[in-house]
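Chemist:
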Amino acid sequence: MSHVNIFTAIIPAREGSKRLPNKNLKKILGKSLLSYAIDAASESEYVDQCILTTNISEDLLSDIDKKSCFIHKRLSHLSEDNVLMSDVVVDVITSLKRNHQIESEYIVLLQPTSPLRTTRDIDQACELILNSPNSPSLISVFEPSCHPHKMFSLEEDNSLIPFFDLEDLEKPKQHLSKVYAQNGAIYIARTDEFLKHKSFFIQPCLPYEMSLLKSIDIDTADDFKLAKFIFGDQN
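Using the numbering used here, read the sequence shown as starting at 149 and increasing by one per residue.
1. Could you have a look at R167 and say whether DSSP puts it in helix, strand or coil?
2. Can you tell me whether N203 is helix, strand or coil according to DSSP?
3. With a Cβ-Cβ cutoff of 8 Å, do F290 and Y328 count as a contact?
4. Would you list the residues sitting across from T156 in a DSSP beta bridge?
5. Per the DSSP calculation, V289 is bridged to which residue(s)?
6. Assuming L135 is part of the beta strand (DSSP E), what are its boundary residues?
7. Start and end of the alpha helix (DSSP H) containing I270?
8. Let's see if you can read the secondary structure: which residues bound the beta strand (DSSP E) around S366?
9. What separation, rounded to the nearest whole angstrom, lies between the Cα atoms of A189 and L182?
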């Protein structure tokens with residue numbers, strides 16, 4: 149007989165990274181990005197279980213609280229550069245059910261590269277989707293400082309052309325429709341719907357809005373420096 153959780157958090161951490169090597173193990177105030185994610189999940193009132201899916205060797209995981217999470221060894225073909233996150237999540241879900249008889253009503257994806265996401269953010273997002281039974285998914289978002297209708301693309305001759313309408317370039321931002329961008333911090337979906345669609349964007353999808361400051365998604369050395377500055381880490 150299977151054990152059913154309400155919320156299972158999945159934290160993906162792949163070894164290596166081209167733009168910022170071993171970014172998931174980078175430390176801010178002496179604590180790795182991976183530990184920030186695990187601690188935020190384990191302190192949640194709603195998360196029943198935390199799963200770390202990784203190909204990082206055990207000796208490099210010395211600073212994480214292994215009592216707070218179950219370590220799922222990621223297969224080599226799911227640890228390559230161009231693997232879709234949806235495939236990684238599907239593997240975790242099916243492995244838990246097959247090997248441990250554990251199922252979950254919702255899955256919560258928490259990427260280590262969003263260290264400013266808090267336990268409170270996770271709990272509020274869980275509450276929001278629980279109170280919205282008609283919505284199968286939720287994605288954390290922020291309002292970007294640059295509106296897409298103010299953007300350009302490049303022609304082959306290296307000249308700028310408006311990405312959308314020329315007239316929108318002249319409009320005040322407040323006259324344009326409000327837009328949001330995903331920030332990578334929190335993704336939630338009903339497990340059965342996720343397995344059906346292989347995506348966290350399942351309509352009607354709920355937004356969980358976060359501030360621009362908390363929406364830093366660490367992918368480059370500059371992102372990491374900015375996050376350290378916000379945390380007050382002078383090292």
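The beta-carbon is built from N, C-alpha and C at its ideal position, and this holds for glycine as well.
Modeler: On the basis of the data shown:
1. If you number the sequence shown from 1, residue 167 lands on position 19. Three-state DSSP puts R167 in coil, outside helix and strand.
2. Taking the sequence shown and counting its residues from 1, the one referred to as residue 203 is at position 55. In this structure, N203 counts as coil in the three-state DSSP scheme.
3. On the sequence shown, residue 290 is found 142 positions in, with the first residue counted as 1. On the sequence shown, residue 328 is found 180 positions in, with the first residue counted as 1. Closer than 8 Å, so yes.
4. Translated into positions along the sequence shown, residue 156 becomes position 8. In DSSP, T156 forms a bridge with Q197 and I255.
5. Taking the first residue of the sequence shown as position 1, residue 289 is located at position 141. Per DSSP, Q330 and E357.
6. Because residue 135 is not part of the residues shown, which for the chain are 149 to 383, the question remains open.
7. Along the sequence shown, one-based indexing puts residue 270 at 122. Its alpha helix (DSSP H) spans residues T267 to L278.
8. Locating residue 366 in the sequence shown gives position 218, where the first residue counts as 1. This sequence places Ile at residue 366; Ser is not what is there. No beta strand (DSSP E) holds I366; DSSP gives it neither H nor E.
9. Taking the first residue of the sequence shown as position 1, residue 189 is located at position 41. Taking the first residue of the sequence shown as position 1, residue 182 is located at position 34. Answer to the nearest angstrom: the Cα atoms are 11 Å apart.
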